[in-house]
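One line per chain: the protein sequences are A and B, in this order.
Just so we're aligned: 252 in full-length UniProt numbering is position 252 of the first sequence, and the numbers increase by one with no gaps anywhere.
Just so we're aligned: 387 in full-length UniProt numbering is position 387 of the second sequence, and the numbers increase by one with no gaps anywhere.
Backbone N, C-alpha and C define an ideal beta-carbon position, used for all residues, glycine too.
Structure first, then comments.
Number of protein chains: 2
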Amino acid sequence: MEFKISKELISEVKELIQEKNDHKLELVLNDIHHADIAEILDELDFDDATYIFKVLDSDKTAEILLELEDDLRENILSRLSPKEIAEELDELETNDAADIIAELSQEIKAEVISELQDVEHAKDIVDLLRYKEDTAGGIMHKELVKVNENWNVLTCVKEMRIQAENISRVHSIYVVDDEDRLKGRLSLKDLLTTTSTKTAISDVYIRKLNYVNVDAEDVEVARIMQKYDLEAIPVVDELGRLVGRITIDDIVDVIKEEADQDYQLAAGISQDVEADDSIMELTKARLPWLVLALLGGFITVRVLGLFEGAMLEHGNLFFFTPLIAAMAGNVGVQSSAIIVQGLANDTLSGSLFNRLIKEVSLSLLNGVILASILFIGSHFLLNVEIMIGLIVTIALISVIVIASLIGTFIPLLLDKFGIDPALATGPFITTSNDICGILIYFSIAKLILGF
Amino acid sequence: MEFKISKELISEVKELIQEKNDHKLELVLNDIHHADIAEILDELDFDDATYIFKVLDSDKTAEILLELEDDLRENILSRLSPKEIAEELDELETNDAADIIAELSQEIKAEVISELQDVEHAKDIVDLLRYKEDTAGGIMHKELVKVNENWNVLTCVKEMRIQAENISRVHSIYVVDDEDRLKGRLSLKDLLTTTSTKTAISDVYIRKLNYVNVDAEDVEVARIMQKYDLEAIPVVDELGRLVGRITIDDIVDVIKEEADQDYQLAAGISQDVEADDSIMELTKARLPWLVLALLGGFITVRVLGLFEGAMLEHGNLFFFTPLIAAMAGNVGVQSSAIIVQGLANDTLSGSLFNRLIKEVSLSLLNGVILASILFIGSHFLLNVEIMIGLIVTIALISVIVIASLIGTFIPLLLDKFGIDPALATGPFITTSNDICGILIYFSIAKLILGF
C-alpha cells in the first residue's frame, strides 16, 4: 500500500498555487505523508515548491526538507531567512538538524544557530557539528533516555517520563554515573516489575551492553549493529561518557550508501552521483576513470607495437587481442569483486597464501574449460591454423590465472594500506589486466613462433 | 566495543572439548554472545562444532544456528535427530524457524514439524513455508500484537500482556475486526492515557496506516519502509486479513542482499557466492559469464578478420583495437550502472527520450575531451601518422556515444520486460560494446582509407 503521485494531483496543486488558495492547498496536502509531499515538490519548479513550503506548518515542512533531493533543498533553503530555517530545525531531531546546518554556507550557519529557540536543542546540534560525517559521532543523535545509577526507581520513572516526551522511539534506557559515564542499561520490563519504588537503580541495571566510541567508523558501527541484531547502540567519548545514540534507521542509510558506493566504484564512477544529476557532475564522476583507461590504452598500443614483426607472417594473432584482453578483464573483476565483498562483510578467513592458492586452482579449472572451448572454436568456427589456435589456448590459460591473481591481490593490498579496496575493481583492474594479458599473449606467441 | 576471537580462546575451547569438560565449556561460552559463538564454531572442525552444539542449551544454540555459515549449519543439522532440530526451532521466531526448515530435505522436514512442541508455533511455521522467499510473506514473521476493534481498553491491555510475552519488540499494536481484517493501529501512549478502561478500542485507534500485501516483492517492502521510515509494517492477505509483520531488521538483510547481488552481477558473478565457498560453487557462479564473454570474443575475431585487407598497408590500426574496445566497455558499464541504481532507488524521472538525449550530450562532452587527449597522445607519445590518429580520434568519439547509448538503453529495456536490469551491467555490456566498438572503428577506417 503506497501513495502514488498522479498527474492530476500535480496539476491540482499547481492550480491551487496559481490561485493562491492556501486553505485548500493545506487541506489537500495535510492528508499526504511528508515523504510523498517531497516527491510532489520534486515535480514542481523552485518557485512553486518554495510557495508550498511557506504555506505548510513548520513541523511538516521540517520533515519534508529531509526527504528532498539535494539541489531542491539547497534552493529552497536559499529562499528562506535564517529565522525561517531555524524554525524548521527546531522541529527536527538533533542529527537531522546538524546535517542540514552542515550544508549551509559559513555566514548563514552562525545566524541560523543564533536563531534556534530551544537552547538545549541548539547546544546538542552545535555539539554534533564537531564530528566527521562518516563516524559514529557524525550519524548519532542526542535524543536518548538516561538515568543516574544513584537514583531509585521512583525518581527514575519520573525523569524518564520527562525525557521520553521528545523521543519518538525509546528502545533503551541508559544508566550513567555522576560523571555521565555509561555504566549499563535498564530494561523497561525490569523497571516496571520491581516491587519497591525505593529500589536503587544500581541494583537492577544490566551491566553488560554494546557501545561504540564516538570516533568509530560508521561502517564499523553498521557491522556491529547487524552482527548483534541491535536496534540502537549508545555512543561514548574518550572518557567513556555517554554522548549520543545511533538507531537502526540511521544504519540502514549507511549500509545503502556504502553498497551504492562500492557498486559505483566497480563501474568506474568515483563520486556519489545519480542519473538525474547535472552533466557536469556526472562528467566529474566518470571522466577521471575514462582518462585512466585511455592512458592504459596507450600502453596497450605500445605493447602491440613491440610485436609488429609478427604482422607480416602471423597477422591473425592480432585478431585475438580483444578476446584475450576481454577475458583478462572479466576474470580480474570477478576475482576482485569477491575479495571486496569478503572484506566488506568480514567473511574472509585463512591466510593470504591459502587464498592465492585457491584462486590459482579456481582459475586453472575455469581456464582449462574456457581454453578447450576456445581451441575447438578457433578450429571449427574461426578457421585458424592449429598452431595459432594452440598459442591462443595456452595464452588464455596463463592470462586467466595471472588476471585472477592480480584481481585477488590488489584489493587485499589496498586494504592493508587502509585504502578502500573497491577502488581496485572496475577500470583499474580491467586496464591493468588488458596490458598484462596482451603482453603475456604475444610473449607466448613470440616464444613459440619466434618472430 | 566488539568481541574479537583470540587464538587463545579457540585453543582453550578445543582443549576443553578434548577433555570433555562440559561444565567449564559452558561457563566459558555462556558469557559470549551467540553471534560470536557462531564465529568460534566456524573456526572449529565439524565434530567439535557439533560437540559444542550438544553441550549448550537449546535457547542459545537456536540463536547460534541462525548465525552460522550455510555449510556448517547444514552439516550440524545433519548430525542432529529430527527431535533435536525441533527443540532448536521451538526457541526461534517463526520466520527464522521456517527459513531453517526450508533448508532441510523433504523427508526430514515432515518429521521435524511433527516433533515441534508448541502447536500454535508449529502452525505459524507451516503457514510461513507456503510463501516464496523473496516476497513479503517470505520475510514476515507471525509474532505480533493484535487486538479486536470491539474490545474495550481493559480487555485490550490484558490481551496485549499475554501476546507481548513472546515478542521481543512490540513496535505497534494492530487492530483487527472479527474476520481478522486489518483496520488500523493503536498507539501505546493513547491506550495508557485513555481515562476510562471501558472506552471501546474502535473509538481510539488510528485508521490510517501503511501495510503491504503478502505477495509484495521484498525489495518493494524495503523501499516503502525506508521511504516512510517505518520500524515495522503489517502484512495482509488477499482478503485484507492480518497475516504477519515485517520488522526493520528483516529489511536490513533484504537491502544488503539486494545490493550485494547487483554488485556481483555487475562483476559477472551470477549467484550469491562468498570468497570462502567451494571452488565448484565459485565456478558455477563465474564460468557462465566467462563463456559468454568468450563467445563474444569469437565474434570480435571474426569482425577483425573482415578487415584483414588493411593489415598490409595499415597494420598499426590493429594496435588500437584493445584501446577502442576498453573505452567502449568502460563507458557502457558506467552508463548502465547509473541506470541500474536509478531504477533500484526509484530516482529516475523524465522520459526515455530525454534520458537518451542527456546521455548523448554527456558522452559527446566526455568523448571530445578523451579524443583530444588521444589525438595529442597518438601524435607525441605513440608516433602514429596524423591520418591514423585522426581515424582513431573520430572512432573514439563515435564509439563512446554509441556505447553509452547501449549502456543506457539495455537496462531500461530489461526493466520494461520485468528482467533484473543489473544483468545488463558487467560482462554483457562490455562484450557487446567490444563488438560494436571494433566494428565502428574499422568501418570508419575503411571509409576514410578505402582498403
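| Item | Value |
| --- | --- |
| Any C-beta of chain A under 7 Å from that of Ile-269(B) | yes |
| Whole-angstrom distance between Ala-395(B) and His-304(B), CA atom to CA atom | The identity of residue 304(B) in the sequence shown is Leu, whereas the question assumes His. So the two alpha carbons sit approximately 15 Å from each other. |
| Proximal residues to Pro-82(B) (C-beta, below 7 Å), its chain only, five neighbours per side dropped | Ile-108, Glu-111, Val-112, Glu-115 |
| CB-CB length for Glu-43(B) against Ile-10(B), believed under 8 Å | 5 Å |
| Cβ shell of Asp-134(A) (< 7 Å), same chain only, five flanking positions each side left out | Glu-217, Asp-218 |
| Of the residues Ser-105(B), Ala-62(B), Leu-29(B), the one placed nearest Glu-93(B), counting alpha carbons only | Ala-62(B) |
| Extent of the continuous alpha helix (DSSP H) to which Lys-109(A) belongs | 106-115 |
| Within-7 Å CB hit, Phe-409(B) to chain A | no |
| Start-to-end residues for the beta strand (DSSP E) that takes in Ile-246(B) | 242-247 |
| Span separating the alpha-carbon of Ile-435(B) from that of Val-401(B) | 15 Å |
| Straight-line gap, Glu-88(B) to Ala-35(B) (C-alpha atoms, nearest Å) | 16 Å |
| Of the residues Gly-244(B), Ile-324(B), Ile-101(B), the one placed nearest Leu-144(B), counting alpha carbons only | Gly-244(B) |
| Minimum Cβ-Cβ distance from Ser-361(B) to chain A less than 7 Å | yes |
| Near the ligand NAD: Thr-61(B) beta-carbon under 6 Å from a heavy atom | Among the ligands in the structure shown, none appear at all, so the ligand NAD cannot be discussed. |
| Proximal chain B residues relative to Leu-365(A), where beta-carbon distance stays under 7 Å | Ile-279, Thr-283 |
| CB of Glu-274(A) within 7 Å of CB of Thr-347(B), strictly | yes |
| For Ile-397(B) and residue 452(A), the rounded distance between their alpha carbons | The first residue shown for chain A is 1 and the last is 451, placing residue 452(A) beyond what the model contains. |
| Within-7 Å CB hit, Arg-207(A) to chain B | no |
| Own chain residues within Cβ distance below 6 Å of Leu-282(B), not counting five before or after | Val-273 |
| Strand pairing of Leu-186(B), partner residues [DSSP] | Ile-173(B) |
| Inter-residue CB distance, Ile-85(A) and Leu-77(A) (contact presumed, cutoff 8 Å) | 6 Å |
| Option nearest Phe-319(A) by Cα separation, candidates Asn-75(A), Ile-339(A), Ile-438(A) | Ile-438(A) |
| Minimum Cβ-Cβ distance from Thr-321(B) to chain A less than 7 Å | yes |
| Chain-ordered chain B contacts of Ala-259(A) [CB-CB under 9 Å] | Ile-255, Lys-256, Glu-258, Ala-259, Asp-260, Asp-262, Tyr-263 |
| Completely contained beta strand (DSSP E) runs for the UniProt domain "CBS" (205-261) of chain A, where each covers 3 or more residues | 232-236, 242-247 |
| Buried versus exposed call for Asp-23(B) [16 or more other C-beta atoms within 10 Å across all chains shown] | Looking at the sequence itself, residue 23(B) is His, so the reference to Asp does not match. That one is exposed. |
| Boundaries of the alpha helix (DSSP H) in which Asn-330(A) is found, first to last residue | 321-344 |
| Among Tyr-228(B), Val-214(B), Val-236(B), the one whose alpha carbon lies nearest that of Asp-249(A) | Tyr-228(B) |
| Boundaries (first-last residue) of the alpha helix (DSSP H) holding Asn-354(A) | 352-380 |
| Any alpha helix (DSSP H) of 4 or more consecutive residues that is wholly inside the segment 26-51 of chain B | 34-43 |
| Buried or exposed (CB count within 10 angstroms, at least 16 for buried), residue 509(B) | Look at the range of chain B in this structure, 1 to 451, and you will see that residue 509(B) is not part of it. |
| Counted within 10 angstroms of its Cβ, other Cβ atoms place Phe-380(B) as buried (16 or more) or exposed | exposed |
| Coarse secondary structure for Ala-200(B), derived from DSSP in three states | strand |
| Neighbour-count burial assignment, Asp-178(B), 16 or more Cβ in a 10 Å radius | exposed |
| Rounded C-alpha distance that separates Ser-202(B) from Asp-180(B) | 14 Å |
| Tyr-441(B) at chain A interface by Cβ criterion, 7 Å | no |
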